[in-house]
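Before any comments, here is the structure.
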């Protein structure tokens, strides 16, 4: 009965179990033990020493002694018949066995194969993560080194560009000073030559007609060169902030009359149409600067639109005065519109052979308008040709603002 009770208990366990004597001789094993150890039938296992199935075998004696003293548990390896190891957690407990109630041991083993596989997988994953982390750290160090190299390279390039920029600024200043100096030195001789030609032309009887035509041609070229030199000097003064621009209330009709007198010698001056309303408020502008602005715009329109009228209009809108110069020429390429007011820019360089100019007129116009708190806009007219529009403050608005301030201060 005692044997059957233990037999049923051992055989009902799903995990490997056995009963052995105090010396480690197997007396009973369950089917799970046979399955794990791969030994069947049961007769081959019974009466066999436990050392045959457990590794390390040299530790079995101490395990049995500890189990008999009160129990033992630990991780060991069950050996299959084919030599394949199976890791298990083994527990040994003492018990009385047989009719004489001899001291024996009951053992149960929990298969750790799946746990070991999971541990191995986790260890491999951990090692992979550690390897990736180390590789990431190495790549980060390389990246930091490259960033440091690029930063040093960019810093060096920026420093070099800054030095070059300063050198270019100094060169530009020296160039402006040189051009201004040369222009000053040229203006006096040209004035003297022009005066001498005027004296010769004042004697009509002493000059043959061919010589007179030659002198008149030379005089026209001298005037054109003088005008170019004056433009350069004005630009030098504007760039240096020394331009004598003094905005004051100004009648635009007087400006138009002065320009008409200046343009009598220009070819195509008869194509200019002046559309100024009789009642036009005064503009707040410098007389000399505004005359130069309007002259440059009209002269530019006559040069680049050789056919058709050139319309000059004026008016007031939203508290500001405006002047527009529109031609009926081929217009301006859209790509050239943002560059028109750049120094020495010419929309069609091929025109330099037929159209006199140096690309300074429109730059001069913009700088003079900015000095008078004005603006300029250029666009292609829908019906053809280019249209330049200048905007300037009105003197009435300025005076109204001053009177309002005086009135407020009087009330205070």
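In my numbering, the protein residues as written are 119 to 530.
We treat Cβ as the ideally placed atom computed from N, Cα and C, and that holds for glycine.
Predicted, not measured: the structure shown is a model, and the values here were computed from it.
Per-residue burial, residue 226 [other beta carbons within 10 Å of its own, 16 or more giving buried]:
Only buried fits residue 226, as 16 or more other CB atoms lie within 10 angstroms of its CB.
Is the Cβ-Cβ distance between residue 347 and residue 312 less than 8 Å?
No.
Would you mind sorting residue 335 into buried or exposed? The rule is 16 or more other CB atoms within 10 Å of its CB.
Using a 10 angstroms sphere on the CB of residue 335, the tally of other CB atoms stays under 16, which defines it as exposed.
Please return the same chain residues whose Cβ sits closer than 6 Å to the Cβ of residue 210, not counting the five positions on each side in sequence.
Leaving aside the five residues that flank residue 210 on each side, the residues in its chain whose CB is nearer than 6 Å to its CB run, in chain order, 185, 190, 223, 225.
For the beta strand (DSSP E) that residue 447 lies in, which residues bound it at each end?
Neither: residue 447 is in no beta strand (DSSP E) and is coded neither H nor E.
Quick test of your reading: residue 399 and residue 434, contact by CB under 8 Å. State the CB separation rounded to the nearest angstrom.
Your pair residue 399 and residue 434 checks out as a contact, with CB atoms roughly 5 Å apart and the cut at 8 Å.
Tell me the residue span of the beta strand (DSSP E) that contains residue 425.
Careful: residue 425 lies outside any beta strand (DSSP E) and carries neither H nor E.
Measuring alpha carbon to alpha carbon, tell me which residue in 169, 416, 355 is nearest residue 291.
Out of 169, 416, 355, 355 has the C-alpha closest to the C-alpha of residue 291.
Which residues in the same chain as residue 481 place their Cβ atom closer than 6 Å to its Cβ, once the five residues preceding and following it in sequence are excluded?
Here the set comprises 459, 461.
Let me know if residue 257 comes out buried or exposed under the rule of 16 or more other beta-carbons within 10 Å of its beta-carbon.
Exposed.
Hey, how far is the Cα of residue 151 from the Cα of residue 180?
Spanning the two alpha carbons is a distance of roughly 22 Å.
Buried/exposed call for residue 310, threshold 16 Cβ in 10 Å:
That one is exposed.
Considering only residues of the region 386-437, which uninterrupted beta strand (DSSP E) runs meet the minimum length of 3 residues and lie entirely inside it, listed in chain order?
Segments of the beta strand (DSSP E) lying fully in the region 386-437: 390-393, 401-403, 428-435.
For residue 251 and residue 144, the rounded distance between their alpha carbons
The alpha-carbon of residue 144 is positioned some 51 Å away from that of residue 251.
Entirely within the region 208-287 and at least 3 residues each: give me those beta strand (DSSP E) ranges in chain order.
Within the region 208-287, the complete beta strand (DSSP E) runs of at least 3 residues are 220-229.
Nearest residue (CA-CA) to residue 345, options 228, 266, 308, 284
Comparing alpha-carbon positions, the option among 228, 266, 308, 284 lying closest to residue 345 turns out to be 308.
Determine whether the Cβ of residue 180 lies closer than 8 Å to any Cβ atom of chain B.
This model lacks chain B altogether; it includes just one protein chain.
So residue 485 packs on residue 286, CB below 8 Å; how close in whole Å?
In fact, because the Cβ distance is near 20 Å, the residues do not count as touching under 8 Å.
Can the beta-carbon of residue 409 be found less than 8 Å from the beta-carbon of residue 350?
No. Outside cutoff.
Would you call residue 262 buried or exposed, if buried means 16 or more other Cβ atoms sit within 10 Å of its Cβ?
Residue 262 comes out exposed.
Inspect the CB distances between the region 420-433 and the region 388-407 and report whether three or more fall short of 8 Å.
Two segments are said to touch when three or more pairs of C-beta atoms, one from each, lie closer than 8 Å; by this definition the region 420-433 touches the region 388-407.
Taking Cβ to Cβ, would you say residue 446 is nearer than 8 Å to residue 502?
Yes, they are a contact pair.
Just verifying my parser: in three-state terms, what is the DSSP assignment at residue 327?
In the structure shown, residue 327 sits in a helix (DSSP, three-state: H, G or I).
For residue 132 and residue 206, I'd like the C-alpha separation in whole angstroms.
Taking the straight line joining both Cα atoms gives about 14 Å.
Buried or exposed for residue 265, please, with buried defined as at least 16 other CB atoms from any protein chain shown within 10 angstroms of its CB.
When all chains shown are included, residue 265 counts as exposed.
CA-CA distance, residue 404 and residue 381?
Counting only the Cα atoms, residue 381 lies some 20 Å from residue 404.
Nearest residue (CA-CA) to residue 428, options 442, 244, 438:
Comparing alpha-carbon positions, the option among 442, 244, 438 lying closest to residue 428 turns out to be 442.
What three-state label does DSSP hand residue 382 in the structure shown?
For residue 382, the secondary structure class from DSSP, reduced to helix, strand or coil, is helix.
Output needed for residue 139: all residues of its chain with C-beta closer than 8 Å, excluding positions within five of it in sequence on either side, in chain order.
Cβ within range, chain order: 145, 215, 220, 222, 223.
Rounded C-beta distance between residue 402 and residue 510? I'm assuming under 8 Å.
Contact holds; Cβ gap of about 7 Å.
Cα-Cα, which of 494, 424, 129 is closest to residue 438?
The residue with the shortest Cα to Cα distance from residue 438 is 494.
With 16 other Cβ atoms within 10 Å as the buried cut-off, status of residue 288:
Burial check for residue 288: the Cβ neighbour count within 10 Å stays below 16, so the residue is exposed.
Less than 8 Å between the beta carbons of residue 508 and residue 444, yes or no?
Not closer than 8 Å, so no.
Applying the criterion that 16 or more other CB atoms from any shown protein chain within 10 Å of the CB defines a buried residue, is residue 136 buried or exposed?
Answer is buried; the Cβ neighbour count reaches 16.
Rounded to whole angstroms, what's the CA-CA distance from residue 321 to residue 456? Just pull it up for me.
Straight-line Cα distance between these residues: approximately 50 Å.
Which residue from 276, 343, 325, 363 puts its Cα closest to that of residue 303?
Nearest option by C-alpha distance: 343.
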